[in-house]
Every structure is written in structure tokens, then in C-alpha cells.
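Here the protein sequences line up with chains A and B, keeping their order. Counting in this note's numbering, the final residue of the first sequence is number 348, and the numbers go up one at a time with none missing. Counting in this note's numbering, the final residue of the second sequence is number 735, and the numbers go up one at a time with none missing. Here is the structure we will look at.
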Amino acid sequence: MSGGVDSSVAAARLVEAGHEVIGLSMQLYDQREGNAAAFGRCCSLDDLHDARRVAAALGIPHYVLNLERPFQETVVANFAREYAAGRTPIPCSHCNSELKFATLVNRAAGFDAGTVATGHYARIRVDEGGRRHLHRGLDADKDQSYFLFALTQEQLSRAAFPVGDWTKAEVRAYARARSLPVADKPDSQEICFVPDGDYARVVESKLGAAPPGGAITDTSGRVLGRHDGIHRFTVGQRKGLRLSSTEPLYVLAIQPETATLVVGSRSDLERMDCEVRQVNWIAGTPPDGSITAAVQIRHRHPPGAATITPIGHDRVRVVFDAPQIAVTPGQAAVFYDGDEVLGGGWID
Amino acid sequence: MRIYFDHNATTPLHPAALEATTRALRETFGNASSVHTFGQQAKAVLDEARARVAALIGAEPAEVVFTAGGTEADNFAIRGAAEALESRGRRHVVTSQIEHEAILNTCRALERRGWRVTWVPPTQAGVVEPDAVAAALDDETAIVSIMHANNETGVVQPIAAIAEAAHRVGALMHTDAVQSAGKIPVDVRELGVDLLSVSAHKIGGPKGAGALWIRRGVRIAPILTGGRHERNRRAGTENVPAIAGFGVAAEIARTGLPEHAVQVSALRDRLERGVLAAVSGAHVNGEGAPRVPNTSNISFDRVEAESLLIGLDLEGIAVSTGSACSSGTLEPSHVLRAMRLPQGRTQSAIRFSLGTTNTEAEVDRLLAVLPRLVEKLRSLTRVPAAR
């Protein structure tokens, strides 16, 4: 229970359905007085307070778990490492697969809770053989299945998404009808531990030093300028390059070994293919050969039709039917068949 | 039926204290400073309570100043003494690493104002040794503040010997007796201190009342200024109903003490022996040191204290661990860390603190639940994550 309307309604629906429900909130970073600037909307003290009020309104016990250490060691450390390696990470995916549906599920098992339910907009379907299938949330605008591709069959068997078959409007209406104290609370937007959007500062503080600056070159290697650190850039970015040029220039590639940014025109951003590592297949096993699927390469990206070919035990090659803009290393490539998630991995 | 083993956090209100408080709320609404009969009635309630609280700690009533609680009493002692002594060139405080936050954070506030603070570490058993305190003293030391009994381990500190050392260098001696009053005999003359804090809600009284005892002749500055309440030492209209309940609770604590101590220590020993017999890898923190009779702090190898606390609460048994921080999550206790216990011990420590209303059946219920809960938490394997 993050204190937001989605997880609050998820809890309320479970209570209403007659389940025995325990409210858990995760404290993920130090929130003592004096650290007020260090945290933002999601999981802040006010949010924990909201979660507590909702739990009290539902008449369920509520506890705040201190998961600062595992959060730092898995999610934040990985976030900094990825930026330092010239990639653009998605901490929410790691938080889901390594914290919420790992550490938290494990803690919940200690309280005899077999399932961890969250406010994610996604749906789980169980087929006749008992296998779990992951689908997009019913509300296309709020769908969060992209962030859940890394869940295993075992994790899915212990997960529930009670608002996945509702639209956001339905969720809010339900909360209002039951006078839940968070019914009209605004949605959280930013990454919870980077409330001010200053990724670079978080990366620098986690690494203990600012990654070095380096050269900005064109595709032929000609130096056009300098930058203050590759962790400040992502593929497809225009802002912050401080180059004068007749046409707009975009980051095409980040080369961490030499701290070089390669820039070029928008058409240079187009890619027909990419390789994807650490692939998780929701079914538990990879397909026998090549398959065709719709591949989504970032949150809110309209998936592009592609052919996916396994090239090693957890690696695939994705070839798109039409060129894609800004295929960004570190982001997830998630494979869909209609609204069903087949699997996904990290763009290399 | 819920079981409450967290009496060091707060105690249930004693029925007689409840009666005194509600009677005062109903009948004695006067302002104790008023000249008329309503005021005199309120003043009489305060005087009676003052005599009772004084009797609990072997003091004269006139030496007792009512406050809003233990935290205010601690603030009053430290800040008030600091303000009174600063001009005499004394700008040094000696305290310990195991004090309650009310003392720790007040001393940190002095530190920010340029005071020197010496934080004396305890032994591994949780005792602040008089020699260690004496070694920290010098002729600039204004105040020594060492708690009488520790809230987490229950370890009783050698206050009389520490007070002697403090007085040798001309410093004032304060002790926070919030966790000892009502549990063991507390006598301000035997302890030899100058200032002593107590709280109502730890001894069966209501929240919102406490007291600072100030030895006759000791002058400290008020920290709340305003009207001439409490003989000019603490401004603000007295909380007569809470103080009335405090007085009754103090009276019951004093008269019942020998019997209560025997009863509660028998329960505590039953709990402690039972846990150690039924659970492998359990260790009593502060063992070997003198302890108040109601407290047992036990670490369970390979168990996250947070999970054990929640698991017990879901079974209807209330215990505590470490110090709760602002969000309500738990951090390894600063007390156990100061005792230099290994991380495995500090992160797995549960505090059981008993009271006179607990029963053998309740202890036995804990002993029936705890071993399998510990075993379950130890047996949980990590759910494998994809990557």
C-alpha cells in the first residue's frame, strides 16, 4: 500500500471479496526529519500516513516494512551502475521483480500471506493447465504490464492485481463511493527516489563521484563539443548537448569506455533491430524458434511488429518490420501477443 | 484476547487513576492559580498528587514540578541546567550512548549551540560504569545525565556512584527514572542526584503528565516562560485531571511495589526461561547486569525482528523492538549497537516488557506461539527473482 488510490482500492476490493488482508507499505529510503528534500511523492511520510488511514478505514492491520537496505542494494545500485555504463535503466521493473515480488513476498509468507496484491494495472489469467498468463491492464492508458515482464511463473502465482480489470476512472469512482481518504489524490509520476527528476545527482551520490565528461562526436568520429558526463544523457535526447548546428542533433549512442556521445540527425536514430539480454519468458520456457510479436521498447511506446529469434539461452535478436526511433540500451523490450505479455528483456 | 507485553512503551490506565482523572475532568475544572473556591479545589487536587508523586521517589512535595511528561522533564533538566550554568563557564555535558532520545536529542541541540558533549559507551552488558563517566568529567562539566533504568534492556545503572563522581567536579547530576519508577525502589536521597524525571503513563497513569524533581537549593532556568505556575518553574495552566491520575498511579505504584516486583519478575523469569528453553539461538541482551523486573530483551539468531514483531501482532501479542522511527518502521536499536552487539543480534532483538495485569496464561500463550513463528521465519527461503 503506497498510499495512492490504486493500491488502496486494490486492498479495498480484496477486503470486500472476503479475503483476510494485511496492509504492508515499504519504506525504501531514510525519511527522518531533516531529510525532507530527499524524498518525493511516492512512499513519502505523507504517503505512509495515507496508507495507514486507508487501512484503518478498511479495518485491516497495517505495517510499514523497512526495506531500505535491499532497495539500495538492488534497485538504486543497479540504477547508478546502468547510467554509468551508458544505459538508461527502468528502476520500477527491478523494484517489481526483485523487491515487491521477491523480498516482500518472502516477508509476507512469514505472516502466512500466500499472495501479494498490488495496485498495478495488469491482469493475470490462469489457464486450464495452471499456467499463469500476464495481460495488459484493461485501461490502456494506465497499463503497467511493461514493468512486470520479468516476473516468473512462481512470482505470478503469488501475485494479484485487483484493479487490473478496471479503468482509472472506475478505481476513483469506487474509492469515492467508499469515502476512501485518497480517492482524489493525484497520481504519482516520477521515479519515487528521484522526486525532483535530477537523475544525475542520484547517480553521482550513489557512485560517490561524478562520472567524467568526454567528447561529443558525429558518426564519423569528428569532435563537435564536450559534455559533463554520460549519465546525463539517454539515446534520443536533444537537450543539454549545447551544440550549434543547422539541424537538430540527437544522442545516437553512448560509449562508456571512452565517455563519448555520438550524435546525429533524427533519421540516424532509426533502428531496424536490437539484441535483448536476460530475457524472461512468462510461460517459463523460450519458444522453439523464431516468433513474431509486437515489441514495446519503452513505456508508452506503441509496439512495433517484429521477429524475435532466440540466440542463446536468455538472449534474443529482435528485427522490426519498420524502423524504430531511439532503441535505448537499458530500457526493456517487452514482447506482446495482442494484450498478452509473452516475455521481455533488457535492450543491449 | 490481545496480549500486551509492551509496558515500557506505555501502560494501561489503572482503574483508580482513570477514576481520579475523570472525577477531576467532571468536577475540578478550576484553574489552580485562581483565588476563588474553584481554584482552591484544583490546587488541592494538585497538592495531593504532588505529595503522592514525591512519596514515590522519596522527595519533598515542594521539590516536584509537574510537566507534560517525561520528555519535557528531560528537556527541562538539561536545557534548564545548561542555561543556569552557562554563564559560569561550564559548557560540557556528560551523558551515555544508551539514553532515551529525549536526552540524546536535547544534548545534540546543546552541541549545536557550541557545547561539548561526551557520550559515554556502556559495557557489553549495557552498564554505564562510574569509572567511565568519571574519566569524562572535568571542571567545565555542567551536567551529568545518566538514565536510571534503560528502556530497551531494563539494565539498572549505578546512579549513586556516578552522582558522587559528578559532584566531585561540581556538576549537577540528572537521572531519567521514567523506566525505573514503580518497578524498583527509587529514592532521590539514596541515588544522590539533583534532578530526576518521571512520567505518569509508564506507571498506570494517563498520558500528558510527568514531573521533574529538583533538589531543594538547586536552581535551574525554566524552559517554558509565562505565568507563575509551579512556583515560577514551569509556566502553563496545570493539567489537573492528568496530574490527579498521576498522583493516584504513583500512590498505587509505591504501596504495591514490593508485591508487584515479585509478581512481575516471576512472570518475566517464566517468559525468559521458557523462551530460552524452547527456541535455539536465543540470547538475552543485558544478561548478567542488574535489571528491572519486568523487561526482557531477547535476540533470535537468523530472524528479522521486524517480521517477528508483525507475526506476533497478527497472533494478538504486542511486543516491541529497537526504536520506532518517524514512519513507524524499525531500525536497529541504538542501545544494542552501543553495547557493541553484532549486527545479527541488534537486528533480531525483541523487547518483552511486562506489567502487573499480565498473567501466567498470557506468558504461556506466547511460549506456545513464539517457537513455531521463529522456526517459520528461519525456514523461509527467498523467492527466486528472474533477474
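We put the beta carbon where it would ideally sit given N, CA and C, even for glycine. Computed from a predicted structure; not experimentally measured.
Quick check: the Cα distance between residue i and residue j, rounded to an integer number of angstroms?
i, j, result
"A:Cys42", "A:Gly4", "Note on A:Cys42: pLDDT 45, under 50, position unreliable in the model; the coordinate value appears next. Rounded to the nearest angstrom, the two C-alpha atoms are 8 Å apart."
"A:Ala150", "A:Ala12", "27 Å"
"B:Ala525", "B:Leu714", "29 Å"
"A:Thr115", "A:Pro162", "12 Å"
"B:Ala403", "B:Lys531", "15 Å"
"B:Thr443", "B:Arg579", "28 Å"
"A:Asp321", "A:Arg125", "29 Å"
"B:Cys455", "A:Val75", "37 Å"
"A:Glu154", "B:Arg699", "36 Å"
"A:Pro195", "A:Gln255", "28 Å"
"B:Thr603", "B:Gln695", "38 Å"
"B:Leu624", "B:Ser647", "10 Å"
"B:Leu543", "B:Arg563", "6 Å"
"B:Gly636", "B:Thr707", "25 Å"
"A:Ala36", "A:Val105", "The pLDDT assigned to A:Ala36 is 42, lower than 50, so where the model puts this residue is not dependable, and the model offers no usable value."
"B:Gly540", "B:Asp486", "19 Å"
"B:Glu663", "B:Ala357", "19 Å"
Could you name the residues of the same chain whose beta carbon sits closer than 6 Å to that of residue i, not counting the 5 residues immediately before and after it, in chain order?
i, result
"A:Thr307", "Ser290, Thr292 and Val319"
"A:Ala175", "Val5, Val9 and Ala183"
"B:Ala450", "Thr419 and Asp422"
"A:Cys274", "Val318, Val327 and Ile347"
"A:Val235", "Val251, Ala326 and Thr328"
"B:Thr585", "Asn379"
"B:Ala407", "Val536 and Trp561"
"B:Ala368", "Ala592, Gly593 and Val596"
"B:Arg400", "Gly595, Ala598 and Glu599"
Would you call residue i buried or exposed, if buried means 16 or more other Cβ atoms sit within 10 Å of its Cβ?
i, result
"A:Lys356", "Because chain A here runs from 1 to 348, residue 356 of chain A falls outside it and cannot be looked at."
"B:Met349", "exposed"
"B:Thr489", "buried"
"A:Ser220", "exposed"
"B:Phe353", "buried"
"B:Gln691", "exposed"
"A:Glu257", "exposed"
"A:Leu27", "Just to set this straight, residue 27 of chain A is Gln in the shown sequence, not Leu. Buried."
"B:Thr705", "exposed"
"B:Pro554", "buried"
"B:Pro606", "exposed"
"B:Thr643", "buried"
"B:Glu500", "buried"
"A:Asp198", "exposed"
Specify, as a first and last residue, the run of the beta strand (DSSP E) that residue i falls within.
i, result
"A:Asn66", "His62 to Asn66"
"A:Pro323", "Val316 to Ile325"
"A:Gln155", "From DSSP, A:Gln155 is part of no beta strand (DSSP E) but of the alpha helix (DSSP H) over Gln153 to Ser157."
"A:Ser274", "Note that residue 274 of chain A is Cys in the sequence shown here, rather than Ser. Element bounds for A:Cys274: Glu270 to Trp281."
"A:Tyr121", "Here A:Tyr121 belongs to no beta strand (DSSP E), and DSSP marks it neither H nor E."
"A:Gln355", "There is simply no residue 355 of chain A to check, as chain A begins at 1 and stops at 348 in what is shown."
"B:Arg699", "Ala697 to Ser701"
"B:Asn706", "Per DSSP, B:Asn706 belongs to no beta strand (DSSP E) and is neither H nor E."
"B:Val412", "Val412 to Thr415"
"A:Glu340", "Glu340 to Ile347"
Counting only the same chain and skipping the five closest in sequence on each side, list residues whose C-beta sits under 7 Å from that of residue i.
i, result
"B:Glu396", "Gly595"
"A:Arg271", "Pro323, Gln324 and Val327"
"B:Val667", "Phe353, Asp354, Leu657, Leu660, Ile698, Arg699 and Phe700"
"A:Ala298", "One detail in the question is off: residue 298 of chain A reads as Arg in this sequence, not Ala. Excluding positions up to five away in sequence, the list reads Thr328 and Gln331."
When the cut-off is 8 Å and only beta carbons count, does residue i lie next to chain C?
i, result
"A:Pro61", "Absent from the structure: chain C. Protein chains present are A and B."
Along the chain, where does the alpha helix (DSSP H) that runs through residue i open and close?
i, result
"A:Leu180", "Unbroken run through A:Leu180: none, as it is neither H nor E."
"B:Ser444", "It is not in any alpha helix (DSSP H) - B:Ser444 instead sits in the beta strand (DSSP E) that spans His440 to Ser444."
"B:Asp524", "B:Asp524 -> not in any alpha helix (DSSP H); beta strand (DSSP E) instead, spanning Leu520 to Asp524."
"B:Ala692", "The sequence as given places Gly at residue 692 of chain B; Ala does not occur at that position. Counting along the chain, the alpha helix (DSSP H) containing B:Gly692 begins and ends at Gln691 to Thr694."
"A:Asp50", "Leu45 to Leu58"
"B:Ser647", "Per DSSP, B:Ser647 belongs to no alpha helix (DSSP H); it is in the beta strand (DSSP E), Thr643 to Phe648."
"B:Thr369", "Pro363 to Glu375"
"A:Phe335", "No alpha helix (DSSP H) holds A:Phe335; the beta strand (DSSP E) holding it covers Ala332 to Asp337."
Between which residues of its own chain and residue i is the CB-CB distance below 8 Å, once the five residues before and five after are set aside?
i, result
"A:Gly59", "Val15"
"A:Glu33", "Below a pLDDT of 50, predicted positions are generally treated as unreliable, and A:Glu33, at 43, falls in that range; no measurement from the model is reported."
### chain A contacts made by the segment 651–671 of chain B, where a contact means CB separation under 9 Å
So the list reads Glu652, Glu654, Ser655, Leu656, Leu657, Ile658, Gly659, Asp661 and Leu662, given in the order they occur along the chain.
### Query
Listed in chain order, which residues of the segment 309–340 of chain A have Cβ atoms closer than 9 Å to some Cβ of chain B?
Against chain B - using a Cβ distance shorter than 9 Å - the residues of the segment 309–340 of chain A are Asp314.
### Task
Using a Cβ-Cβ cut-off of less than 9 Å, give me the residues of the segment 435–451 of chain B that come near chain A, in sequence order.
Here the close residues number zero.
#### Entry: Interfacial residues, the segment 708–725 of chain B to chain A, with Cβ spacing under 9 Å
Within the segment 708–725 of chain B, the qualifying residues are Leu721, Lys724 and Leu725.
### Task
Residues of the segment 50–80 of chain A with a CB closer than 7 Å to any CB of chain B: list them in chain order, please.
Per Cβ criterion, the list reads Pro61, Tyr63, Val64, Leu65 and Asn66.
#### Entry: Within 7 Å of chain A by C-beta, residues of the segment 505–527 of chain B in sequence order
Correct list: empty, as no residue qualifies.
### Interface residues of the segment 107–127 of chain A facing chain B [CB-CB below 9 Å]
The segment 107–127 of chain A vs chain B, Cβ under 9 Å: Arg107, Ala109, Gly110, Phe111 and Asp112.
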